[in-house]
Amino acid sequence: MSKGKTILKIICGLVILTLVFFFGLIALTLIDPNLDDNSALNQEKIYEESENQIINSVINFDKLREWNPDDDIHAIGLEILVSKDDVTEENIVKLAESIASNTQKAVVKIYQNRQAWEEEQSRNYTDVYNQDYLAFYVKNLTNSNAYRGFNEIRWMQEKGDLQDLFGTKTKLK
16 MSKGKTILKI
26 ICGLVILTLV
36 FFFGLIALTL
46 IDPNLDDNSA
56 LNQEKIYEES
66 ENQIINSVIN
76 FDKLREWNPD
86 DDIHAIGLEI
96 LVSKDDVTEE
106 NIVKLAESIA
116 SNTQKAVVKI
126 YQNRQAWEEE
136 QSRNYTDVYN
146 QDYLAFYVKN
156 LTNSNAYRGF
166 NEIRWMQEKG
176 DLQDLFGTKT
186 KLK
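Residue numbers (our numbering): 16 to 188.
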């Protein structure tokens, strides 16, 4: 009889665990209004937010423009604004690596002054552009379109903290 009671206790325990789990899921669905038919979209949004936090942990930046190069949904295109206080060769390299770590294709232009970015948009260049357009990062590890096989930072600042790098390239792994 004790064997039968033990089996009954195990079955009851499993039923209770199943019910707790089931009602827990229902409670989470009721508590979290984001869990609905669009949960895949919400998960993607959460992933994107966490990815931005990881990238911003290297250097905080503001997105000036974002697009998908070559209309490839997996490619990253960014024009960003960083603080002058964060501008070092090491920080720019780490930033480029973190932005493009999960993609085969990326194009990133890095500025330290919004006016420099605006000058590029209008194609009306002044010394602000020469001082505050820092770097152009390009990665294309695919076998298609422009910059095939590239994974490098092109240093663009003519005057300023990174001027010694102007016109050079740093190849990334």
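Note that CB positions come from ideal geometry on N, CA and C, so glycine has one too.
Review point. Is the Cβ-Cβ distance between Val122 and Pro84 less than 8 Å?
Key: Mapped onto the sequence shown, residue 122 falls at position 107. Mapped onto the sequence shown, residue 84 falls at position 69. With a cutoff of 8 Å on beta-carbon distance, Val122 and Pro84 are scored as near each other.
Point to revise | Alpha-carbon to alpha-carbon, Ile125 and Asp86 | key: For the purposes of this step, residue 86 is identified with residue 71 of the sequence shown, where counting begins at 1. For the purposes of this step, residue 125 is identified with residue 110 of the sequence shown, where counting begins at 1. In a straight line, the C-alpha of Asp86 is about 21 Å away from that of Ile125.
**Study point:** Residue closest to Asn75, alpha-carbon to alpha-carbon, out of Leu110, Ile88 and Thr157
**Key:** Counting from one through the sequence shown, the residue named residue 75 turns up at place 60. Nearest option by C-alpha distance: Leu110.
Review point. In terms of DSSP beta bridges, what is Ala121 paired with?
Key: Sequence index remark: in the sequence shown, residue 121 carries index 106 (1-based). Looking at the DSSP assignment, Ala121 forms a beta bridge with Ile91 and Lys154.
Practice item. Note down, in chain order, each residue of its chain lying with its Cβ closer than 6 Å to the Cβ of Asp101, except the 5 sequence neighbours on either side. Key: Along the sequence shown, read from residue 1 onward, the residue named residue 101 stands at position 86. Correct list, in chain order: Ile74.
Check your understanding: Quick check: the region 135-147 against the region 172-184, are there 3 or more CB pairs under 8 Å?
Key -> Touching, per the Cβ criterion.
**Study point:** Neighbour flag for Asp179 against chain C, beta carbons, 8 Å
**Key:** Included in the structure is just one protein chain, with no chain C present.
Practice item. Compare the beta carbon distance of Arg6 and Phe151 with 8 Å and say whether it is the shorter of the two. Key: The chain is shown only over 16 to 188; residue 6 falls outside these bounds and no answer can be derived.
Point to revise | Reduced DSSP secondary structure (H/G/I, E/B, other) of Leu177 | key: Residue numbering aside, residue 177 sits at position 162 when the sequence shown is read from its first letter. Leu177 sits in coil when the DSSP states are folded into three classes, being neither helix nor strand.
Practice item. Note down the Cα distance separating Gln90 from Ser113, rounded to an integer number of angstroms. Key: Position 75 of the sequence shown, counted from the first residue, corresponds to residue 90. Position 98 of the sequence shown, counted from the first residue, corresponds to residue 113. Strictly speaking, residue 90 in this sequence is Ala, with Gln absent from that position. Using only the alpha carbons, I get a separation of about 14 Å.
Exercise for review: Would you kindly work out how many angstroms separate the C-alpha atoms of Tyr140 and Asn117, rounded to a whole number?
Suggested key: Mapped onto the sequence shown, residue 140 falls at position 125. Mapped onto the sequence shown, residue 117 falls at position 102. Between Tyr140 and Asn117, the C-alpha separation is close to 34 Å.
Check your understanding: Do you know how far the Cα of Ala115 is from the Cα of Glu167?
Key -> The sequence position of residue 167 within the sequence shown is 152, counting from 1. The sequence position of residue 115 within the sequence shown is 100, counting from 1. For Glu167 and Ala115, the distance between alpha carbons rounds to 11 Å.
Check your understanding: Is it the case that the Cβ atoms of Lys120 and Ile95 are separated by a distance below 8 Å?
Key -> As a first step, residue 120 must be located in the sequence shown, where it is residue number 105. As a first step, residue 95 must be located in the sequence shown, where it is residue number 80. No; because the gap between Cβ atoms is not below 8 Å, this pair is not in contact.
Check your understanding: Do Gln127 and Lys154 come within 8 Å of each other at the CB atom, strictly closer than that value?
Key -> Here the question's residue 154 lines up with position 139 in the sequence shown. Here the question's residue 127 lines up with position 112 in the sequence shown. Contact check for Lys154 against Gln127 fails: the beta carbons are separated by 8 Å or more.
Review point. What three-state label does DSSP hand Leu187 in the structure shown?
Key: For the purposes of this step, residue 187 is identified with residue 172 of the sequence shown, where counting begins at 1. Note: Leu187 maps to coil in three-state DSSP.
Review point. Would Trp82 be called buried (16 or more neighbouring beta carbons within 10 Å of its own) or exposed?
Key: For this step, residue 82 is matched to residue 67 along the sequence shown. When all chains shown are included, Trp82 counts as exposed.
**Study point:** Same chain only: Cβ atoms within 6 Å of Asn67, ignoring 5 sequence neighbours per side
**Key:** Counted from its first residue, the sequence shown places residue 67 at position 52. Because the pLDDT at Asn67 is just 49, under 50, the model does not fix this residue reliably, and the value given afterwards should be weighed accordingly. If we look at Asn67 and ignore the five residues flanking it on each side, it has no Cβ neighbours.
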